[in-house]
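Below: the structure, in structure tokens.
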Amino acid sequence: MGSDRDDAGLELVRAFARKPNAPLFVLATAFKEHALEAFELGVVDYLLKPFTDERVEQCLRRVMARRPPRAAAASPGKGKIVARKKKGLVFLRPDEVWAFEAADRLTFVHTRRGRFDLDLSLSAIEGAFGRGLLRVHRNWLVNPEHVRELVRDAGDELLVGGENEGEGVRVPVARERAQAVRETLLADATGLRRA
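The opening residue of the sequence shown carries number 1 in the working numbering; numbering runs sequentially from there.
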């Protein structure tokens, strides 16, 4: 929240700070006088103008780290995903899901058991799973737990799911999302030096 008044944003933080389920706040201001009080009230970050792109990225990482997980992402074993299988229904556990794909006005779920039709949009799925899925392309959401390979050729591509050679699904990574996807996948991995 930005403001040109010295304490306008801080007034809002004071109003919500002690309430249950208070939102996360970031104050962006040219005034440094209230930084200590802001942090005592629990703001996630206090950006002093002018700020750099790197500083904003650092702030966003802090917000993501403090954001509470959504119910579906926090308890992936609870609830089932219902998809269509020919003339019947298939019930899938969220942890079985490799990826979701939007194609030809339809949505599909990819798993070890196959590819099935869904009646949900990718946006609805993303809302239900929260941080449990990674948006890698406008037409693809992937479960990072099932990513096996990141192939960098003409464009980035992920191999998701499968346990043997030739299994799984190849997922394109949008050029504008490639750096964020790589950083997310490497965040919980060891073995490579990072620049």
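Glycine included, C-beta positions come from ideal geometry on N, C-alpha and C.
(message) Given this structure, state the Cα-to-Cα distance separating PHE39 from ALA187, to the nearest angstrom.
(response) The residue given as residue 39 occupies position 39 in the sequence shown. The residue given as residue 187 occupies position 187 in the sequence shown. Using only the alpha carbons, I get a separation of about 27 Å.
(request) Could you pull out every residue in the same chain whose Cβ sits closer than 7 Å to the Cβ of LEU122, ignoring the five residues on either side in sequence? (result) Position 122 of the sequence shown, counted from the first residue, corresponds to residue 122. Excluding the 5 residues flanking it on each side, LEU122 has same chain C-beta neighbours closer than 7 Å at PHE100, ALA102, THR107, LEU141, in chain order.
(request) Please report how far the alpha carbon of ALA71 lies from the alpha carbon of LEU134, in whole angstroms. (result) Walking along the sequence shown from the start, residue 71 turns up at place 71. Walking along the sequence shown from the start, residue 134 turns up at place 134. Unreliable placement is indicated for ALA71, whose pLDDT of 42 sits below 50; no coordinate value is reported for it.
(request) Would you mind reading off the limits of the beta strand (DSSP E) that contains PRO52? (result) On the sequence shown, residue 52 is found 52 positions in, with the first residue counted as 1. The amino acid occupying residue 52 in the given sequence is Thr; Pro does not appear at that position. Annotation for THR52: no beta strand (DSSP E) segment contains it, and DSSP assigns it neither H nor E.
(message) Judging by CA-CA distance, which residue of ALA154, ASN164, GLU145, GLY162 is the nearest neighbour of ALA189?
(response) Looking up residue 189 in the sequence shown gives position 189. Nearest neighbour of ALA189 by Cα position, chosen from ALA154, ASN164, GLU145, GLY162, turns out to be GLU145.
(request) Going by CA-CA distance only, name the one from ARG61, ARG115, ILE125 that's closest to ARG138. (result) As a working mapping, residue 138 is identified with position 138 in the sequence shown. It is ILE125.
(request) Locate the alpha helix (DSSP H) running through ARG177, then write down its first and last residues. (result) Mapped onto the sequence shown, residue 177 falls at position 177. Per DSSP, ARG177 belongs to no alpha helix (DSSP H) and is neither H nor E.
(request) Spatial neighbours of VAL90 within its chain, please: CB distance less than 6 Å, with the 5 preceding and 5 following residues excluded, ordered by chain position. (result) Along the sequence shown, one-based indexing puts residue 90 at 90. Cβ within range, chain order: ALA83, PHE116.
(message) Measuring alpha carbon to alpha carbon, tell me which residue in ARG148, PRO172, LYS87, LYS32 is nearest GLU165.
(response) Sequence index remark: in the sequence shown, residue 165 carries index 165 (1-based). The shortest Cα separation from GLU165 among ARG148, PRO172, LYS87, LYS32 belongs to ARG148.
(message) Just to confirm my understanding: we take ARG182, look at its own chain, exclude 5 residues before and 5 after, and list those with CB closer than 8 Å. What are they?
(response) Here residue 182 refers to the residue found at position 182 of the sequence shown. These residues qualify, in order along the chain: LEU150, ASP156.
(message) Taking 8 Å as the threshold (C-beta atoms), are VAL26 and VAL43 in contact?
(response) As a working note, residue 43 is residue 43 in the sequence shown. As a working note, residue 26 is residue 26 in the sequence shown. Taking 8 Å as the Cβ cut-off, VAL43 and VAL26 qualify as a contacting pair.
(request) Look up ASP117 in the DSSP assignment and say whether it is helix, strand or coil. (result) Translated into the one-based positions of the sequence shown, residue 117 becomes position 117. In this structure, ASP117 counts as strand in the three-state DSSP scheme.
(request) Have a look at the DSSP bridge pairing and note the partners of VAL160. (result) Stepping through the sequence shown from its first residue, residue 160 is reached at position 160. Partner(s): VAL147, VAL169.
(message) Here's a check: name, in chain order, each residue in its chain whose Cβ is nearer than 8 Å to the Cβ of PRO76, leaving out the five neighbours to either side.
(response) Position 76 of the sequence shown, counting from 1, holds the residue named residue 76. Because PRO76 sits at a pLDDT of 43, beneath the cut-off of 50, its placement in the model cannot be relied upon, and the following sentence gives the value as read from the coordinates. Only residues of its own chain outside the window of five on either side were considered, and among them ARG93, PRO94, ASP95, GLY132 have a CB closer than 8 Å to the CB of PRO76, listed in chain order.
(request) Can you say whether LEU192 is buried or exposed, counting buried as having 16 or more other CB atoms within 10 angstroms of its CB? (result) As a working note, residue 192 is residue 192 in the sequence shown. In this structure LEU192 is exposed. Its beta-carbon is surrounded by fewer than 16 other beta-carbon atoms within 10 angstroms.
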